[in-house]
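In the UniProt record's numbering, the protein residues as written are 1 to 259.
Positions of the beta carbon are idealized from the N, C-alpha and C atoms, including for glycine.
Notes follow the structure.
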């Protein structure tokens with residue numbers, strides 16, 4: 001009874017959110033302030049780099065773009081490690097915050113420039129920080145956008161979260177490990193369906209580790225990749241689903257005991 005009442009209240013919140021679209025002037029100002037902060041961070045990195053031709057600097061959208069970026073940045077990474085690290089972090093977090101496609105290329109780049117272990121640590125930090133930034137920005141201004149873009153997915157996600165409130169961490173881990181729902185959607189929808197931040201954080205950090213490891217390791221042999229699809233063959237996807245099944249098993253066992 002209590003759960004159904006909670007779902008009804010959340011439904012009313014979601015229905016009422018449609019009237020907030022488009023964003024108010026204050027919400028647009030808040031989002032613009034976040035963008036400005038990222039731009040200033042990138043500008044600071046750019047001004048501390050040596051004078052050179054930086055026409056190669058752009059967000060990679062293909063493997064060819066990524067290989068060109070890797071070839072140019074390798075020489076800078078050893079001499080200007082701090083600037084490259086800060087620039088990488090700002091770009092990755094910015095992309096995650098504003099749902100810009102291409103973070104998989106950034107993960108590959110981390111492996112190519114820093115190796116498996118340092119690259120994995122870098123990706124886990126930036127991906128978790130970016131997802132957290134997206135979470136809080138969505139908490140601030142995201143409700144009308146999410147309701148407008150993904151109304152059906154949002155209703156489904158809300159119902160699943162309400163049903164699994166007692167084992168929410170296991171469910172969120174399952175979503176992170178497996179491609180059941182897009183990570184971008186999870187980032188923006190979680191605060192709207194009342195997923196607590198500590199659960200969101202733990203599920204993100206732990207859940208993205210297997211896929212991040214696969215991607216970062218592939219970055220070392222970047223020249224051998226022919227397409228992004230090569231990263232996730234049947235064996236890799238099956239392994240991720242197996243890990244996801246293990247994470248959700250405690251939830252299934254607790255249900256059986258209650259029955």
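Please classify residue i as buried or exposed, where buried requires at least 16 other C-beta atoms within 10 Å of its C-beta.
| i | result |
| --- | --- |
| residue 165 | exposed |
| residue 75 | exposed |
| residue 51 | exposed |
| residue 107 | buried |
| residue 93 | buried |
| residue 33 | exposed |
| residue 136 | exposed |
| residue 25 | exposed |
| residue 180 | exposed |
| residue 54 | exposed |
Report all residues from its chain with a CB closer than 8 Å to the CB of residue i; omit the five preceding and five following residues, and keep chain order.
| i | result |
| --- | --- |
| residue 21 | The predicted model places residue 21 with a pLDDT of 45, which falls under 50 and marks its position as unreliable, so this point remains unresolved. |
| residue 36 | none |
| residue 222 | 63, 66, 67, 70, 108, 111, 112 |
| residue 96 | 103, 126, 127, 129, 130, 131, 133, 134, 187 |
| residue 206 | 173, 176 |
| residue 160 | 171 |
| residue 153 | 181, 185, 189 |
Please work out which residues of its chain come closer than 6 Å, Cβ to Cβ, to residue i, disregarding the five sequence neighbours upstream and downstream, and give them in chain order.
| i | result |
| --- | --- |
| residue 157 | 189, 193 |
| residue 42 | 90 |
| residue 72 | 56 |
| residue 142 | 188 |
| residue 40 | none |
I'd like the list of long-range same chain contacts for residue i, defined as Cβ closer than 7 Å, with 5 residues on each side in sequence excluded.
| i | result |
| --- | --- |
| residue 139 | 191 |
| residue 217 | 111, 116 |
| residue 225 | 63, 218 |
| residue 120 | 212, 213, 216 |
| residue 80 | 49 |
| residue 30 | 140, 141 |
| residue 61 | 102 |
| residue 202 | 169 |
| residue 38 | 90, 94 |
Would you mind working out which of the options sits nearest residue i, comparing C-alpha positions?
| i | options | result |
| --- | --- | --- |
| residue 82 | 49, 173, 125 | 49 |
| residue 125 | 185, 85, 195 | 85 |
| residue 211 | 222, 104, 152 | 104 |
| residue 187 | 127, 33, 122 | 127 |
| residue 177 | 185, 209, 53 | 209 |
| residue 200 | 46, 170, 162, 119 | 170 |
| residue 197 | 155, 45, 168, 114 | 168 |
| residue 88 | 220, 99, 46, 98 | 46 |
| residue 78 | 114, 58, 59, 54 | 114 |
| residue 163 | 204, 28, 195 | 195 |
| residue 329 | 38, 27, 98 | Given a span of 1 to 259 for the chain in the structure shown, any question on residue 329 remains unanswerable. |
| residue 123 | 227, 28, 204 | 204 |
| residue 59 | 100, 28, 44 | 100 |
* Identify every run of the beta strand (DSSP E) within the segment 80 to 150, keeping only runs that are complete inside it and at least 3 residues long; order them along the chain. => none
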